[in-house]
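Here this note's numbering is used: the first residue of the sequence shown is 192, the next is one more, and so on.
Ideal placement from N, C-alpha and C gives every residue a C-beta, glycine not left out.
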Amino acid sequence: MTIFSRVRTESISKPLFIKFSENNTETAWEYAFSLETRRKNNVEYDAESVEYDIQHPTLDDILNSGYEILPVTLKSPFDFSLKVYSVIRICLGLSVSKLNQLIEADALSFQGKSIQKSHRIKDGGIVYIDIEKFRNICFENG
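This is the structure in structure tokens:
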């Protein structure tokens, strides 16, 4: 399967051609995940098909953090167009109904605002978790 093709290889600068030839990781990541580079090169991109791992604190770490309101920084070196709602649900192992309860109770917020399903992680962001409300909804209400 061709990932990138050019009609004229001479249209690629020599330093860039060398990086491609050497399978330079940084260059490959830039061409795969940089929104600006994809736009510039008219790349068709299916963000939903990208596999990724999310490094996150454990539930015990969150509950025993000692914070009343725990800030969790979301960051990625590239724009994967990830939905904040989905990332929180996956990382915290929550059902959709529990996540909705947490949002309705203002136990979770993103950038100081109520989380919307349409919010996407762009240039990072901070999710705030109200530990007491989180504990009450997730563990005391069954």
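Contacting residues, own chain, Cβ-Cβ under 8 angstroms from residue i (five flanking each side not counted)
i, result
"ILE279", "LEU285, LEU290, LEU299, ILE306, VAL318"
"ILE245", "VAL278, ILE281, CYS282"
"LYS324", "LEU293, ALA296, ASP297, ALA298"
"LEU254", "ILE322, PHE325, ARG326"
Cβ shell of residue i (< 7 angstroms), same chain only, five flanking positions each side left out
i, result
"TYR258", "ILE322"
"GLN292", "ILE328"
"LYS375", "As displayed, the chain neither begins before 192 nor continues past 333, which places residue 375 out of reach and without an answer."
As assigned by DSSP and simplified to three states, the class of residue i
i, result
"ILE203", "coil"
"ILE328", "helix"
"ILE320", "strand"
Proximal residues to residue i (C-beta, below 6 angstroms), its chain only, five neighbours per side dropped
i, result
"LEU273", "ILE312"
"PHE269", "PHE224"
"HIS310", "VAL275, PHE301"
Residue burial classification, residue i (beta-carbon count within 10 angstroms, cutoff 16)
i, result
"TYR395", "Only positions 192 to 333 of the chain appear in the structure, and residue 395 is not among them; the question remains open."
"LEU207", "exposed"
"PHE301", "buried"
"VAL275", "buried"
"VAL287", "exposed"
"ILE320", "buried"
**Message:** Give the list of continuous beta strand (DSSP E) stretches no shorter than 3 residues that lie fully inside the segment 230-305.
**Reply:** 260-265, 299-301
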